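Asks: This is the structure I want to talk about, given as structure tokens.
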Amino acid sequence: MSSFNYRIYFTGKDDPRDGCIVMGEDQEPVFFEFETAFVPETSTTRTTICSDQHPVAAFDWDMNGAGLGLATVGDRVFPMEHLVIPGPGAKHPFSCSARRFQAANGRFYDWRRSANSGSYELYAAPNTPPIAVYSQFPQETPIGPSHGILEYNFVDALFLLEALLALNLNRWLDWND
13 MSSFNYRIYF TGKDDPRDGC IVMGEDQEPV FFEFETAFVP ETSTTRTTIC SDQHPVAAFD
73 WDMNGAGLGL ATVGDRVFPM EHLVIPGPGA KHPFSCSARR FQAANGRFYD WRRSANSGSY
133 ELYAAPNTPP IAVYSQFPQE TPIGPSHGIL EYNFVDALFL LEALLALNLN RWLDWND
């Protein structure tokens, strides 16, 4: 089992798209909030991800909010599918235990759903220990009630955001599988 230096908590609603609040501290405070709303002007559904009340990313959903559309992270815009690329050997594009994403640093990372369906592990390379683990379970924490926890060892704010976007998208896909 890997040992992790940092821990952030998932509070608010246990919904990876709406009302989910992620908070804690690594070398600095971490706070992200996922809010989803229908945007009448464009007839689309948008999930806005804010950090300290400032938008840092967004998901613009297709098919009245039920399908993957575009992701915006900073000034990058790309298909949401790029955050959940089927892992090697997957037979069905969005129903598999491993999905990868390419981070802004150019490297690929895999979120793998563990045997416990509420847990995921993040890998930087095959045959290596995970660099992060998400576990879903209700618990009392230093910041109040929580429904999940992410433990990790890296310190890179942009990569943490990308990992959280890919994780919550994986969770949403698995909820709707």
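Note that this note's numbering has the sequence shown beginning at 13, numbered continuously upward.
Beta carbons are placed, not taken as given, at the ideal position from N, Cα and C, and that holds for glycine.
Every value quoted in this text rests on a predicted model; they were computed, and no experiment measured them.
1. Who does Met-35 pair with in a DSSP beta bridge?
2. Going by DSSP, what residue range makes up the alpha helix (DSSP H) through Asp-168?
3. Leaving out five residues on either side along the sequence, give the residues of the same chain with a beta carbon under 7 Å from the beta carbon of Thr-153.
4. Since Ala-83 is in the beta strand (DSSP E), which residue starts that stretch and which ends it?
5. Name the residue from Cys-62, Thr-48 and Leu-172 whose alpha carbon lies nearest to the alpha carbon of Thr-56.
6. Would you mind giving the Cβ-Cβ distance between Arg-124 and Glu-133, rounded to the nearest angstrom? I have them listed as a contact below 8 Å.
7. Taking the beta carbon of Trp-184 as the centre, do at least 16 other beta carbons fall within 10 Å, making it buried, or is it exposed?
Replies: In brief:
1. Note: Met-35 sits in a beta bridge opposite Tyr-21 and Phe-43.
2. Annotation for Asp-168: no alpha helix (DSSP H) segment contains it, and DSSP assigns it neither H nor E.
3. The residues are Tyr-21.
4. From DSSP, the beta strand (DSSP E) with Ala-83 extends over 79–85.
5. With distances taken between Cα atoms, Thr-56 lies closest to Thr-48.
6. Between the beta-carbon of Arg-124 and that of Glu-133 there is about 5 Å, and that keeps the pair under the 8 Å contact cut.
7. With 16 or more Cβ atoms within 10 Å of its Cβ, Trp-184 is classed as buried.
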